[in-house]
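Quick notes on the structure that follows.
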C-alpha cells in the first residue's frame, strides 16, 4: 500500500469538498431556473434567461420580481345596416328609385351629395349566450338575434342592392345620352365663332330701331300737343273778340230807336245774333281742344316712358348681347375642353354609381358573414369581463357587445 503524506491528503480532501460545493451550487441554479420556467409556462408564455455560473460561494439567490399584463379586447357590433343613399348625383328617392340631378346637364358641374344616411334599421337580440367571467374561444356563439329582425334587415339590404343597380343602369344610360349631347354641343360650339358677331349686331340693331321708333312716336305726340295748344290760344282769342262784338251789338240794339232807325236796329240785332252763335261755336271747339290737349299730354307722357324703356332695353340688351357673344366665342375657342369635361363628369357619375352598387352588395355580404343562422360569434378568445347587451335590446351600429381579457396579447415585465 502506497503511503500518502498527511498534507497532501488534506489538500485532496479540500479539493473534493470544493467540487461538491460547486456541484451543489450548480444544482441550485438549475432548480431555480426550472421553477421560473414552470411558473411562466402557466401563463402560456415561456421566459428564457441565461446566467453564467461563476466559481465561488453563492452570495445571492435567483429570485426575480415582475408583472404580467393581459390585453383587453372589445367586441363591437359595427355592421353597416343603415339605409343606403348613394354618393353621386343619382341619389335614391323616397320610393327607392334613382333620380338624375341637373348637374348632368351639359356645361354644368355636379353637386355631389354626402354618402350614407341616418337609419332606424335595427336588429333585436333574442338571447345572450355568455356571461361575465366565462372563458370563451374565438368563434363561440355569444348572442342570437330574432329571425324576424334578421330577415327584415336582409330584405332591406337586398332592396338597397336592387336600387343601387337601377341607379347604376340609369347612370350608364345617362352617360350614353351625355355623349350624344356633348357631340352635338361640340359641333354647335365650333360654329359659334362664325355668326356670334352677326348675332350681336342684329340684336343691337333691333333694339336701336325700337328706340328710334319710340323717339318718332314721342315727337308726333309732342307736335299734336303743341298744335292743339296753339289752336286753343287762337280760339280763345277769337272767342274774346266775338264776345266783345256781341257786347257792342247788344249795346247798340238796345240804344237804337226802332221807330226812327229801324234799319240800324235790325243790323244791330243781327250782328248780336251772329256774334252769339260764333261765341257758342268757339266755346264748343275750345272745350274739345282742352279735352284733346289732355289726351295728347297723357299720350306724350306714355311715349316718354316708352322711349325711356326702349333706351333701357337697348342698354341692357347690348350688355346681354355682348355677354352672349363673348360666351359663344369662348365656347367656340374651348369646344374641345367643354366636351371633355362633360364626358369626364359623365364617366365619374357612372363610376360613382358602380361603386355605390358594389358597396351595397358588400354590405349584404358582410351581413351574411357576421350573422350566421341569426347568431353572432366571438372574434377573440379570452375571459369575458363584461357583457353590455341583453335579450330584448336592439342593435343598430357601433355598439359594444362585450369585453374580455385577450390572452393573445400578454405583456410580461421583469
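In my numbering, the protein residues as written are 1 to 414. Glycine included, C-beta positions come from ideal geometry on N, C-alpha and C.
Opposite residue i in the DSSP bridges: which residues?
| i | result |
| --- | --- |
| residue 77 | 399 |
| residue 376 | 143 |
| residue 394 | 124 |
| residue 86 | Per DSSP, none; premise fails for residue 86. |
| residue 384 | 404 |
| residue 72 | 405 |
Which same chain residues end up closer than 7 Å to residue i when comparing Cβ atoms and leaving out the 5 residues on each side of it in sequence?
| i | result |
| --- | --- |
| residue 208 | 314 |
| residue 2 | Any reading at residue 2 must be qualified, since the residue scores a pLDDT of 42, below 50, and its modelled position is unreliable; the value itself is stated next. Counting only Cβ-Cβ distances below 7 Å, and skipping sequence neighbours, we find nothing. |
| residue 80 | 363 and 397 |
| residue 141 | 129, 375 and 377 |
| residue 304 | 218 |
| residue 74 | 400 and 403 |
| residue 323 | none |
| residue 268 | 249, 252, 253 and 256 |
| residue 415 | In the structure displayed, the chain extends from 1 to 414; residue 415 sits before or after that span and is not available. |
| residue 292 | 228 |
| residue 296 | 221, 224, 225 and 228 |
| residue 386 | 132, 402 and 403 |
| residue 389 | 125, 128, 143 and 401 |
| residue 328 | 192 and 196 |
Within 10 angstroms of the Cβ of residue i, are there 16 or more other Cβ atoms? Answer buried if so, exposed if not.
| i | result |
| --- | --- |
| residue 214 | buried |
| residue 42 | Residue placement at residue 42 is poorly supported in this model, since its pLDDT is 44, which falls under 50; the coordinates are not used for a value here. |
| residue 416 | With the chain covering 1 to 414 only, the question about residue 416 has no answer from this structure. |
| residue 487 | Residue 487 cannot be examined here, being either before or after the span of the chain that is shown, 1 to 414. |
| residue 316 | exposed |
| residue 164 | buried |
| residue 196 | buried |
| residue 282 | buried |
| residue 319 | exposed |
| residue 221 | buried |
| residue 230 | exposed |
| residue 372 | exposed |
| residue 307 | buried |
| residue 139 | exposed |
| residue 189 | buried |
| residue 178 | buried |
| residue 136 | buried |
| residue 335 | buried |
| residue 289 | buried |
| residue 4 | Per-residue confidence for residue 4 stands at a pLDDT of 45, beneath the threshold of 50, marking its modelled position as unreliable; the derived number appears in the next sentence. Exposed is the call here. |
| residue 118 | Only weak support is given to the placement of residue 118: the predicted model assigns it a pLDDT of 43, under 50, and the question is left unresolved by the model. |
| residue 275 | buried |
| residue 395 | buried |
Give every residue of the same chain whose Cβ lies closer than 8 Å to the Cβ of residue i, excluding the five residues on either side of it in the sequence, and list them in chain order.
| i | result |
| --- | --- |
| residue 286 | 232, 235, 236 and 239 |
| residue 175 | 346, 347, 349 and 350 |
| residue 359 | 84 and 164 |
| residue 127 | 143, 144 and 391 |
| residue 264 | 252 and 256 |
| residue 279 | 239, 242, 243 and 246 |
| residue 160 | 83, 84, 360, 363 and 364 |
Whole-angstrom Cβ separation of residue i and residue j, contact assumed at under 8 Å?
| i | j | result |
| --- | --- | --- |
| residue 384 | residue 133 | 6 Å |
| residue 124 | residue 339 | With a Cβ gap of about 54 Å, residue 124 and residue 339 do not count as contacting. |
| residue 156 | residue 121 | 6 Å |
| residue 246 | residue 272 | 6 Å |
| residue 326 | residue 167 | Going by Cβ atoms, the distance from residue 326 to residue 167 rounds to 38 Å, so no, they are not a contact pair. |
| residue 203 | residue 342 | About 28 Å; that fails the 8 Å criterion. |
| residue 171 | residue 332 | Actually they do not touch by this definition, with Cβ atoms about 30 Å apart. |
| residue 367 | residue 154 | 7 Å |
Kindly list the residues whose CB is nearer than 6 Å to the CB of residue i, restricted to its own chain and excluding five residues on each side of it in sequence; keep chain order.
| i | result |
| --- | --- |
| residue 210 | 310 |
| residue 36 | Since pLDDT at residue 36 reaches only 46, below the 50 mark, its modelled position is unreliable, and the value read off the structure follows with that caveat. Nothing listed; no residue qualifies. |
| residue 76 | 400 |
| residue 501 | Absent from the structure is residue 501, since the part of the chain shown begins at 1 and ends at 414. |
| residue 299 | 221 |
| residue 146 | 124 and 126 |
| residue 162 | none |
| residue 393 | 125 |
Mind checking if residue i is an interface residue toward chain B, Cβ cutoff 8 Å exclusive?
| i | result |
| --- | --- |
| residue 155 | The structure shown contains no chain B; it is built from a single protein chain. |
Flag residue i as yes when its Cβ comes closer than 7 Å to any non-hydrogen atom of the ligand HEM, and as no otherwise.
| i | result |
| --- | --- |
| residue 338 | As presented, the structure is devoid of all ligands, the ligand HEM included, so that no description of it is given. |
Runs of alpha helix (DSSP H) lying entirely within the segment 312–372, each at least 4 residues, in chain order:
335–370
Enumerate, from N- to C-terminal direction, the unbroken beta strand (DSSP E) stretches of 3 or more residues contained entirely within the segment 135–196.
141–145
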